[in-house]
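**Student:** So in the numbering used here, spot 128 of the first sequence is number 144, and the numbers just go up one at a time. I'd like to ask you about the structure that follows.
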Amino acid sequence: MNFSNQLIYWYLNNRRDLPWRNTTNPYYIWLSEIILQQTRVDQGMNYYFKFVENFPTVNDLAAAPEEEVLKLWQGLGYYSRARNLHFSAKYIVNQLNGVFPSNYSEIIKLKGVGDYTASAISSICFNEPMAVVDGNVYRVLARYFGINTPINTSKGIKEFKKLAQQLLNKEDPATNNQAIMEFGARMCKPQNPDCNSCPLNSSCSALAKNNIKDLPVKEGKLKVRNRYFNYLVIETDENTTKIVKRKKGIWLNLYEFPLIETLKPINENELIEHETFSNLFGLNNVSVKLFNNKIKPHKLSHQHIYAKFWIIKIANSLNYKHSWEDISKYPVPILINNFLNEYKSDYFF
DNA sequence: AACCCGTGGTA
DNA sequence: TTACCAAGGGT
17 MNFSNQLIYW YLNNRRDLPW RNTTNPYYIW LSEIILQQTR VDQGMNYYFK FVENFPTVND
77 LAAAPEEEVL KLWQGLGYYS RARNLHFSAK YIVNQLNGVF PSNYSEIIKL KGVGDYTASA
137 ISSICFNEPM AVVDGNVYRV LARYFGINTP INTSKGIKEF KKLAQQLLNK EDPATNNQAI
197 MEFGARMCKP QNPDCNSCPL NSSCSALAKN NIKDLPVKEG KLKVRNRYFN YLVIETDENT
257 TKIVKRKKGI WLNLYEFPLI ETLKPINENE LIEHETFSNL FGLNNVSVKL FNNKIKPHKL
317 SHQHIYAKFW IIKIANSLNY KHSWEDISKY PVPILINNFL NEYKSDYFF
């Protein structure tokens with residue numbers, strides 16, 4: 017048995033029964049693939065159920081306001097996935113008469129769909145012989161064939177795609193693609209792979225050379241940027257506050273409290289003297305109190321955000337019309353959601 | 001090519 | 001605790 021057929025044989029005896037494995041409806045496969053980008057199955061599962069339930073068809077998704085889509089996506093991260101998903105749903109309904117594209121070259125035109133996702137959908141739903149190359153495939157191929165080309169270079173991307181395509185079982189690309197990914201996720205894991213019970217252990221290069229921990233090779237290291245956020249949590253006499261929509265960068269189109277970002281941590285006096293602060297409150301009589309004395313950084317892939325939540329009490333409620341109950345309807349970053357849960361738990365539970 | 005975009009699990 | 005990184009894609 018060749019490499020791919022051994023993987024398929026293993027897969028047919030070891031596959032998990034996942035909800036998106038019981039359908040070839042391209043809309044559902046698309047949903048699952050977008051949700052699972054850079055996301056573990058355990059983390060994405062409930063989101064898949066939520067999306068299928070709230071948007072049973074691509075028409076339902078297209079008809080929803082973006083805020084509703086982002087709210088359902090809240091907590092999953094990489095929110096451009098949700099924005100692109102929604103954009104592409106509208107494209108399918110308005111430009112393609114609601115018919116999901118049925119081949120690789122049309123599928124990859126969808127926003128948020130790259131080579132991996134187009135290969136996955138076209139093979140699983142339409143039996144098109146396009147090999148998927150995700151993190152699992154890089155790892156399995158690099159180890160088994162002893163390839164040390166860095167996987168995050170254009171050379172590596174081409175090399176692994178070509179090899180995966182050569183290895184692909186063209187009779188059953190759907191099963192082959194899912195087999196190699198499942199194999200990478202559960203047998204040839206990043207740490208502590210189960211080499212003892214691996215069906216390929218007698219011919220694996222990395223096992224023979226004892227360099228499993230060095231493969232796959234990744235180039236460069238991402239640098240983490242520190243940012244200092246000062247959120248202005250307004251409390252008016254009428255029990256209202258204010259949130260605003262983010263217009264750029266991280267958490268685009270999600271909501272947060274009015275923000276003053278600084279290059280270094282600042283204290284209360286520096287906050288009050290800040291230009292943005294005086295522009296907002298002018299000569300109004302406000303009281304300021306820091307909610308979180310202990311600042312725990314909110315860690316993203318390449319940013320550490322040190323957020324202070326300043327409670328601003330003000331009599332005038334003219335410009336601050338959000339009730340605290342309303343805020344739970346808006347999509348917010350986890351950082352904001354965690355604060356809300358601590359600060360106004362009465363309203364949310 | 002280099003950088004940006006989240007959150008949570010694991011060792 | 002830090003570091004890695006997960007069914008990647010856009011610019």
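Note that beta-carbon positions come from the ideal geometry of N, C-alpha and C, so glycine has one too.
Let me check understanding here. Comparing Cα to Cα, which of 40, 37, 67 and 38 lies closest to residue 51?
**Tutor:** Taking the first sequence and counting its residues from 1, the one referred to as residue 51 is at position 35. Of the candidates 40, 37, 67 and 38, the one whose C-alpha sits nearest the C-alpha of residue 51 is 67.
**Student:** Can you check whether the CB of residue 42 is closer than 9 angstroms to the CB of residue 141?
**Tutor:** To locate residue 141, count along the first sequence from 1; it is residue 125. To locate residue 42, count along the first sequence from 1; it is residue 26. Going by C-beta atoms, residue 141 is nearer than 9 angstroms to residue 42.
**Student:** Find out if the Cβ-Cβ distance for the pair residue 255, residue 326 is shorter than 9 angstroms.
**Tutor:** Translated into positions along the first sequence, residue 255 becomes position 239. Translated into positions along the first sequence, residue 326 becomes position 310. No, the pair does not count as a contact, with Cβ atoms beyond the cut-off.
**Student:** Go through its chain and collect everything with a Cβ distance to residue 303's Cβ below 6 angstroms, but skip five positions before and after it.
**Tutor:** By one-based count along the first sequence, residue 303 stands at place 287. Hits under 6 angstroms: 329.
**Student:** Under three-state DSSP, which class holds residue 193?
**Tutor:** Within the first sequence, residue 193 is the residue found at index 177, counting from 1. Residue state, collapsed to three classes: helix.
**Student:** Check whether the Cβ atoms of residue 149 and residue 108 sit closer than 9 angstroms, and answer yes or no.
**Tutor:** Position 133 of the first sequence, counted from the start, is the residue given in the question as residue 149. Position 92 of the first sequence, counted from the start, is the residue given in the question as residue 108. Contact: no.
**Student:** Answer yes if the region 168 to 181 comes into contact with the region 227 to 247, meaning at least three C-beta pairs across the two stretches below 8 angstroms, and no otherwise.
**Tutor:** Cβ pair count under 8 angstroms is three or more, so yes.
**Student:** Under 8 angstroms: do the region 287 to 295 and the region 257 to 272 share three or more Cβ pairs, one atom per stretch?
**Tutor:** No: the two stretches stay apart, fewer than three of their Cβ pairs being nearer than 8 angstroms.
**Student:** Looking at C-alpha atoms only, which residue of 18, 31, 360 and 17 is the closest neighbour of residue 195?
**Tutor:** Looking up residue 195 in the first sequence gives position 179. Of the listed residues, the one whose Cα sits closest to residue 195 is 31.
**Student:** If you count every other CB in all the chains shown that lies within 10 Å of the CB of residue 27, and 16 or more means buried, which is it?
**Tutor:** On the first sequence, residue 27 is found 11 positions in, with the first residue counted as 1. By the 10 Å Cβ count, residue 27 comes out buried.
**Student:** My output table needs one value for residue 247: the three-state DSSP class, helix, strand or coil.
**Tutor:** For the purposes of this step, residue 247 is taken as residue 231 along the first sequence, with counting starting at 1. DSSP places residue 247 in strand when its eight states are reduced to three.
**Student:** Pick out whichever of 198, 257 and 220 has its Cα sitting closest to the Cα of residue 57.
**Tutor:** Within the first sequence, residue 57 is the residue found at index 41, counting from 1. Here the closest residue by C-alpha is 198.
**Student:** Output the boundary residues of the beta strand (DSSP E) element that contains residue 323.
**Tutor:** Along the first sequence, read from residue 1 onward, the residue named residue 323 stands at position 307. Segment 319 to 330, the beta strand (DSSP E) holding residue 323.
**Student:** Measuring only the C-alpha atoms, how far is residue 82 from residue 168?
**Tutor:** Position 66 of the first sequence, counting from 1, holds the residue named residue 82. Position 152 of the first sequence, counting from 1, holds the residue named residue 168. Their Cα atoms are separated by approximately 32 angstroms.
**Student:** With H, G and I counted as helix, E and B as strand and the rest as coil, what does DSSP make of residue 272?
**Tutor:** Position 256 of the first sequence, counted from the start, is the residue given in the question as residue 272. Here residue 272 sits in strand by DSSP.
**Student:** Quick one: what's got a C-beta closer than 7 angstroms to residue 18's C-beta in the same chain, skipping five residues either side?
**Tutor:** On the first sequence, residue 18 is found 2 positions in, with the first residue counted as 1. Taken in chain order, the list of residues that qualify is empty.
**Student:** Would you give the residue range spanned by the alpha helix (DSSP H) that residue 96 belongs to?
**Tutor:** In the first sequence, the residue the question calls residue 96 occupies position 80. Residue 96 -> alpha helix (DSSP H) spans 96 to 111.
**Student:** Within the continuous alpha helix (DSSP H) that includes residue 153, where are the two ends?
**Tutor:** In the first sequence, the residue the question calls residue 153 occupies position 137. Looking at the DSSP string, the run of the alpha helix (DSSP H) that includes residue 153 is 151 to 161.
**Student:** Per DSSP, residue 41 forms a beta bridge with which residues?
**Tutor:** For this step, residue 41 is matched to residue 25 along the first sequence. Per DSSP, none; premise fails for residue 41.
**Student:** What are the start and end residues of the alpha helix (DSSP H) that includes residue 302?
**Tutor:** If you number the first sequence from 1, residue 302 lands on position 286. Where residue 302 is concerned, there is no enclosing alpha helix (DSSP H), although the beta strand (DSSP E) it sits in stretches over 302 to 306.
**Student:** Can you tell me whether residue 249 is buried or exposed, with buried defined as 16 or more other CB within 10 angstroms of its CB?
**Tutor:** On the first sequence, position 233 is the one that residue 249 refers to. With 16 or more Cβ atoms within 10 Å of its Cβ, residue 249 is classed as buried.
**Student:** Three-state secondary structure (DSSP) at residue 169?
**Tutor:** Sequence index remark: in the first sequence, residue 169 carries index 153 (1-based). It is coil, neither helix nor strand.
**Student:** Just curious, the alpha helix (DSSP H) that residue 116 is in, first and last residue?
**Tutor:** Within the first sequence, residue 116 is the residue found at index 100, counting from 1. From DSSP, residue 116 is part of no alpha helix (DSSP H); its letter is neither H nor E.
**Student:** What's the gap between the Cα of residue 136 and the Cα of residue 144?
**Tutor:** The residue given as residue 136 occupies position 120 in the first sequence. The residue given as residue 144 occupies position 128 in the first sequence. When rounded, the distance between both Cα atoms is 9 angstroms.
**Student:** By Cβ distance, which residues of its chain are closer than 7 angstroms to residue 86, with the 5 residues on each side in sequence left out?
**Tutor:** Counted from its first residue, the first sequence places residue 86 at position 70. Around residue 86: 95, 98, 269, 270 and 347.
**Student:** Using the DSSP secondary-structure output, state which residues sit across from residue 241 in a beta bridge.
**Tutor:** On the first sequence, residue 241 is found 225 positions in, with the first residue counted as 1. According to DSSP, residue 241 bridges with 319.
**Student:** Is there at least one non-hydrogen atom of the ligand NAP closer than 8 angstroms to the beta-carbon of residue 196?
**Tutor:** Of the ligands one can find in the structure shown there are none, so the ligand NAP has no counterpart to examine.
**Student:** Is the separation between the beta-carbon of residue 24 and that of residue 152 shorter than 9 angstroms?
**Tutor:** One-based indexing of the first sequence puts residue 24 at position 8. One-based indexing of the first sequence puts residue 152 at position 136. In this structure, residue 152 does not lie closer than 9 angstroms to residue 24 by Cβ.
**Student:** So, for residue 288: in the same chain, excluding its five sequence neighbours on each side, which residues have a beta-carbon less than 7 angstroms away from its beta-carbon?
**Tutor:** Here residue 288 is taken as the residue at index 272 of the first sequence, counted from 1. The answer, listed in chain order, is 304.
**Student:** Quick check on the burial criterion: 16 or more other C-beta atoms within 10 angstroms. Buried or exposed for residue 236?
**Tutor:** As a first step, residue 236 must be located in the first sequence, where it is residue number 220. Residue 236 should be labelled exposed.
**Student:** Kindly list the residues whose CB is nearer than 8 angstroms to the CB of residue 251, restricted to its own chain and excluding five residues on each side of it in sequence; keep chain order.
**Tutor:** Stepping through the first sequence from its first residue, residue 251 is reached at position 235. Within the same chain, residue 251 has close Cβ partners 257, 327, 328, 329 and 330.
**Student:** Closest by CA to residue 90, which one among 290, 214, 272 and 334?
**Tutor:** Here the question's residue 90 lines up with position 74 in the first sequence. Comparing Cα positions, the closest option is 272.
**Student:** When you compare each of 320, 92 and 246 to residue 240 by their alpha carbons, which one comes out closest?
**Tutor:** Residue 240 sits at position 224 when you count from the first residue of the first sequence. Residue 320 is the option with its Cα nearest to residue 240.
**Student:** Find out if the Cβ-Cβ distance for the pair residue 291, residue 246 is shorter than 9 angstroms.
**Tutor:** Reading the first sequence from its first residue, position 275 is the one you call residue 291. Reading the first sequence from its first residue, position 230 is the one you call residue 246. The answer is no: Cβ separation not under 9 angstroms.
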